[in-house]
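**Student:**
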Amino acid sequence: MATLTEGNYLGDLIRYEADNRYSREEITVASGADLTVGAVLGIVTASGKYALSAPGASDGSETPVAVLVTTAAAASADARAVALVREAKLNRSALIFHSSIDTVGERNAAVTALRAVGIVAD
């Protein structure tokens, strides 16, 4: 029998967000990957589009500034999605990091960067 794996739900991720969806914004995710709820995002400076935050990037997306709250099917084309961009408290274990972030120190650095924009993950 095949094993099924469930992704994150909002209840797994969000502990608190500001009233009236103040914490959220509709964003454009740059093409290149399908992303799921909890993905840690950075902004590509040249385009203003969001991408999975990778420390080795040099296009602006290396700095985490948002967390995805809807899925984004952006493997082959840009996709619209919703992300938390301010005033939120999240469950750290539900965050999804770029595959190059593989140490506790790198994860701590990403979480610290999110805190700078008002997103607390613990």
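In terms of full-length UniProt numbering, the sequence shown opens at residue 1 and continues consecutively.
Think of the CB as a built atom: it goes at the ideal place given N, C-alpha and C, for glycine as much as any other residue.
If you're wondering where the values come from, they're calculated on a predicted model, not measured in any experiment.
(1) With H, G and I counted as helix, E and B as strand and the rest as coil, what does DSSP make of alanine 33?
(2) So if DSSP puts valine 67 in a beta bridge, which residue, or which two residues, is it bridged to?
(3) Residues in its own chain within less than 6 Å of threonine 63 by CB, not counting five upstream and five downstream?
(4) Considering only DSSP beta bridges, list what alanine 77 is partnered with.
(5) Report the three-state DSSP secondary structure of threonine 52 (helix, strand or coil).
(6) Might you give, ordered along the chain, the residues of its own chain that have their beta carbon closer than 6 Å to the beta carbon of lysine 89, omitting 5 neighbours on each side?
**Tutor:** Let's see:
(1) In the three-state DSSP reduction, alanine 33 falls in the strand class (E or B).
(2) DSSP, once it has assigned bridges, lists Val40 and Leu84 as partnering valine 67.
(3) Gly42 and Ala113, listed in sequence order.
(4) Paired residue(s): none; alanine 77 is not in a bridge.
(5) Going by the sequence as given, residue 52 is leucine instead of threonine. Of the three classes helix, strand and coil, the one that applies to leucine 52 here is strand, per DSSP.
(6) Same-chain partners within the cutoff: Arg15, Tyr16 and Val120.
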